[in-house]
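Worksheet for the structure shown next.
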Amino acid sequence: MSESADYVIVGAGSAGCVLADRLSADGDARVVLLEAGGPAQRAEVSIPAAYPRLFGTALDWDYGTTPQPGLGGRVLRWPRGKVLGGSSSLNAQIWTRGHRADYDGWAAGGLSGWGAREVLPYLRRAEDCDCGTGDFGSGGPLRIEELRDPSPATARFLAACAEAGIAPADPDRVLEPEGVAQVRTTQRNGRRYSAADGYLSRAAKRPNLRVITDASVRRVVIEGGRAVGVEYDTDRGPGRVRVTGEVILAAGAIGSPQLLMLSGIGDRDHLRQNDIALRHHLPAVGEALADHLYVPLAFAAREPVSPGVESGRAELDQYLRERRGRLTSNIAEALAFVRSTDDLPAPDLELVWMLLPFVAGREVAPGHGITLGVVLLQPHSTGRIRLISADPAAHPRIDPAYLSDAGAADLAVLMRGVRLAQRVLRQPALAQVLGDPLTPGALDESDAVVEKMIRLHAETLYHPVGTCRMGVGDDAVVDPRFRVDGIDGLRVVDASVLPAIPRVHTHAPTVMLAERAAEMIRADRAGLGKNISDGTKGGVAVTNSQAADLQQNQQTHYETRTEAAATLRRAFAAAVAEPELAQTLREQQLSLQIITPGTEYEVFLDAHGAHERATGRPVLRFELTPDTAHEIFLGRLAVPQAVVTRQLTVKGPVAQLRSLRAVLPALCRAYTEIAPAVRETA
Numbered sequence: 040m041s042e043s044a045d046y047v048i049v050g051a052g053s054a055g056c057v058l059a060d061r062l063s064a065d066g067d068a069r070v071v072l073l074e075a076g077g078p079a080q081r082a083e084v085s086i087p088a089a090y091p092r093l094f095g096t097a098l099d100w101d102y103g104t105t106p107q108p109g110l111g112g113r114v115l116r117w118p119r120g121k122v123l124g125g126s127s128s129l130n131a132q133i134w135t136r137g138h139r140a141d142y143d144g145w146a147a148g149g150l151s152g153w154g155a156r157e158v159l160p161y162l163r164r165a166e167d168c169d170c171g172t173g174d175f176g177s178g179g180p181l182r183i184e185e186l187r188d189p190s191p192a193t194a195r196f197l198a199a200c201a202e203a204g205i206a207p208a209d210p211d212r213v214l215e216p217e218g219v220a221q222v223r224t225t226q227r228n229g230r231r232y233s234a235a236d237g238y239l240s241r242a243a244k245r246p247n248l249r250v251i252t253d254a255s256v257r258r259v260v261i262e263g264g265r266a267v268g269v270e271y272d273t274d275r276g277p278g279r280v281r282v283t284g285e286v287i288l289a290a291g292a293i294g295s296p297q298l299l300m301l302s303g304i305g306d307r308d309h310l311r312q313n314d315i316a317l318r319h320h321l322p323a324v325g326e327a328l329a330d331h332l333y334v335p336l337a338f339a340a341r342e343p344v345s346p347g348v349e350s351g352r353a354e355l356d357q358y359l360r361e362r363r364g365r366l367t368s369n370i371a372e373a374l375a376f377v378r379s380t381d382d383l384p385a386p387d388l389e390l391v392w393m394l395l396p397f398v399a400g401r402e403v404a405p406g407h408g409i410t411l412g413v414v415l416l417q418p419h420s421t422g423r424i425r426l427i428s429a430d431p432a433a434h435p436r437i438d439p440a441y442l443s444d445a446g447a448a449d450l451a452v453l454m455r456g457v458r459l460a461q462r463v464l465r466q467p468a469l470a471q472v473l474g475d476p477l478t479p480g481a482l483d484e485s486d487a488v489v490e491k492m493i494r495l496h497a498e499t500l501y502h503p504v505g506t507c508r509m510g511v512g513d514d515a516v517v518d519p520r521f522r523v524d525g526i527d528g529l530r531v532v533d534a535s536v537l538p539a540i541p542r543v544h545t546h547a548p549t550v551m552l553a554e555r556a557a558e559m560i561r562a563d564r565a566g567l568g569k570n571i572s573d574g575t576k577g578g579v580a581v582t583n584s585q586a587a588d589l590q591q592n593q594q595t596h597y598e599t600r601t602e603a604a605a606t607l608r609r610a611f612a613a614a615v616a617e618p619e620l621a622q623t624l625r626e627q628q629l630s631l632q633i634i635t636p637g638t639e640y641e642v643f644l645d646a647h648g649a650h651e652r653a654t655g656r657p658v659l660r661f662e663l664t665p666d667t668a669h670e671i672f673l674g675r676l677a678v679p680q681a682v683v684t685r686q687l688t689v690k691g692p693v694a695q696l697r698s699l700r701a702v703l704p705a706l707c708r709a710y711t712e713i714a715p716a717v718r719e720t721a
């Protein structure tokens, strides 16, 4: 079977679902999404506490590492989602956005425009959170909620952290996770809310998006230095998608480098060893593999705490009837981000409070229990992904090289983390919760015992990144616009491109990457209609100088539109604070949101400050596209005219839209008075 499309996306995980939704939003863009797994039809996917039962099933790639010398020669299982939604359908649903030190570090390392200020709008674009703190987004595709029924034991853990000197996290500090707090999760009304739920479910209704499940991609087809399609296999036979635009790999930190190498992109010697024809020598493919290693300190519990342990159906019946109870738990109910030494600029350790006793890998001890996990957030050790053969069905060789750094800094940090965890576990607040230790040596502080415990019990926290690293040097696979070096029409967008492992759980940063990549891809298409990095435009050959001019024009157009949106943002921000408009909004009992989607300046504004969104007032939302913002900025289009011609979209509850007559004149008057002054300062 053969078909054509403007875009083909390989992998329907967290990033792939975002891309499928955002790219298919352009009605004239034909998008094909290929996923090796199928729909998430097992009940355990939607029940928040049931995800450990999905490991090792047909919904899991069930990878394994090579024997790890740093971990006593053990082979670790690496579950990854093989299902619509990818690992967002199997994970612990934790939403941690990242630390500004991570993002600002990317920018300082040469990735201009990737600092904390620049990435925050893309996190907020994804979010639908009534958290009331931390400047979260609202109205986005992913629902973010507090736990519905956290365990009383979790409150005791928070108290124990306070007794041990770990301060509560400040919810108002944006992109600065530090201290201890209950988790925020990707749940909706007591159910898991994966990337497939948030993004793909709405996109799948569009006629220009085709989702093909149970499709195992063999390779990217490359002709003349350009990606022109992909070949895949299904139970129904082989298939091929030919693209007029781009191939986008979103197969994850394992799948994406594997596909690049299978397609002839990678280290020439390694490809030759596997009898794969070289298309482009790119030795960084599969390198720089980083992961969060954690040490589980497991204990029996003196009281019922663990979901799914009780016999009978009472717990399940309560969940099915009310979406309440222990089964709404994500297991890992609280996190503490801490520094191993006081002189560090940001946390390098995490404590994860879990309501199951994990004793060996994914093995759970019988009965009620808890685990306090000690997580190494900033490992120095890095590994690699390599092919075992040219067979696409063969799992690659995964060597994370845990605890292999020359200075043994990773081991030293983990040992400090274990001792901090032991201090928390000894606090009076946990005395009524903890029973006997199930991890040998869990409370022994001697160096020899702690090191032995780490080497014999440390496990993956399921956060592999970096194998198609974004950067500007020879150690990079993709550039800051996600384009694969040396091959036109090919991008990688998933956790594999993270320049360095973030000091948080990786789901939110991955979604952020995909949101920004989708914007870049759409901007490239809108500016030129084609990717012209190969010296062509619309199939017509152009000279290198012409191509450079076209690229410069596209960048200038994009920057001008973005500048216009930024200026309008300032104008509207000032307008919203204008007394008459504020009074009108109060009288109408409305919140006002003004956004400019498709730019880095997407913002939410209201009359009384961002946190008023949590009060539950109905929202009247104005959306300006970058082009409309540009027209208003240039004075060619007035705000009332934009509304009348539907170039400025107004959204809100039907009853509240009737209030538009009262709100819009006040908004327009305020904007008309303020915008020229703001424009002059732009």
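Quick note: the sequence shown uses the numbering used here, first residue 40, plus one each step. In this text, a Cβ means the ideal position worked out from N, Cα and C, and glycines have one as well.
Counted within 10 angstroms of its Cβ, other Cβ atoms place residue i as buried (16 or more) or exposed
i	result
glycine 204	exposed
glutamine 24	Because the chain here runs from 40 to 721, residue 24 falls outside it and cannot be looked at.
isoleucine 526	buried
asparagine 369	buried
leucine 359	exposed
alanine 470	exposed
glycine 446	exposed
glutamate 184	buried
serine 151	exposed
Spatial neighbours of residue i in its chain, beta-carbon cut-off 7 Å, leaving aside the 5 residues before and after
i	result
serine 379	Asp387, Leu388, Val452, Arg455, Gly456
alanine 329	Pro418, Thr421, Val504, Gly505, Ile540
valine 57	Ala234, Tyr238, Val550, Ala553, Glu554, Ala557
valine 398	Ala337, Ala404, Leu477, Thr478
For residue i, the three-state DSSP class (helix, strand or coil)
i	result
glycine 95	coil
valine 84	helix
glycine 161	In the sequence as presented, glycine is not what sits at residue 161; that position holds tyrosine. Reduced to three states, the DSSP call for tyrosine 161 is helix.
aspartate 524	coil
threonine 410	strand
valine 516	coil
proline 384	coil
glutamate 554	helix
valine 536	helix
leucine 390	strand
glycine 422	strand
leucine 298	helix
arginine 465	coil
glycine 125	helix
alanine 131	coil
alanine 292	helix
valine 531	strand
alanine 470	coil
Paired residues, beta bridge with residue i - DSSP
i	result
arginine 223	Glu185
histidine 319	Ile304
valine 403	Phe397
aspartate 167	Arg182
glycine 137	Answer by DSSP bridge pairing: none, since glycine 137 is not bridged.
isoleucine 48	Leu72, Ile287
methionine 509	Val517
proline 479	Bridge partners of proline 479: none, in fact.
tryptophan 117	Tyr102
threonine 273	Gly276
glycine 77	Val122
Cβ-based neighbour list, residue i, same chain, cut-off 8 Å, excluding 5 preceding and 5 following
i	result
alanine 448	His419
leucine 98	Gly76, Ala79, Arg81, Val84, Gly120, Lys121, Val122, Ser128, Leu129
Other residues of its chain near residue i: CB distance less than 6 Å, five sequence neighbours each side excluded
i	result
phenylalanine 94	Pro118, Arg401
alanine 534	Ala292, Val504, Thr545, Thr549
glycine 179	Arg164, Ala165, Glu166, Asp167
phenylalanine 376	Pro216, Glu217, Pro386, Glu389
isoleucine 315	Gly303, Ala429
glycine 149	Val511
aspartate 790	With the chain covering 40 to 721 only, the question about residue 790 has no answer from this structure.
valine 103	What sits at residue 103 in the sequence shown is glycine, not valine. Excluding sequence neighbours, glycine 103 sits near Val114, Arg116.
Heavy atom of the ligand MG within 7 Å of residue i beta-carbon
i	result
glycine 291	The ligand MG is absent from the structure shown, which contains no ligand whatsoever.
3-residue-minimum beta strand (DSSP E) runs that sit fully inside the region 427-457, ordered along the chain: 436-438
Continuous alpha helix (DSSP H) assignments of at least 4 residues falling wholly in the region 316-377: For secondary structure counted as the alpha helix (DSSP H) over 4 or more consecutive residues, the region 316-377 holds these complete runs in sequence order: 353-361.
Minimum length 4: unbroken alpha helix (DSSP H) runs contained in the region 190-261: 191-202
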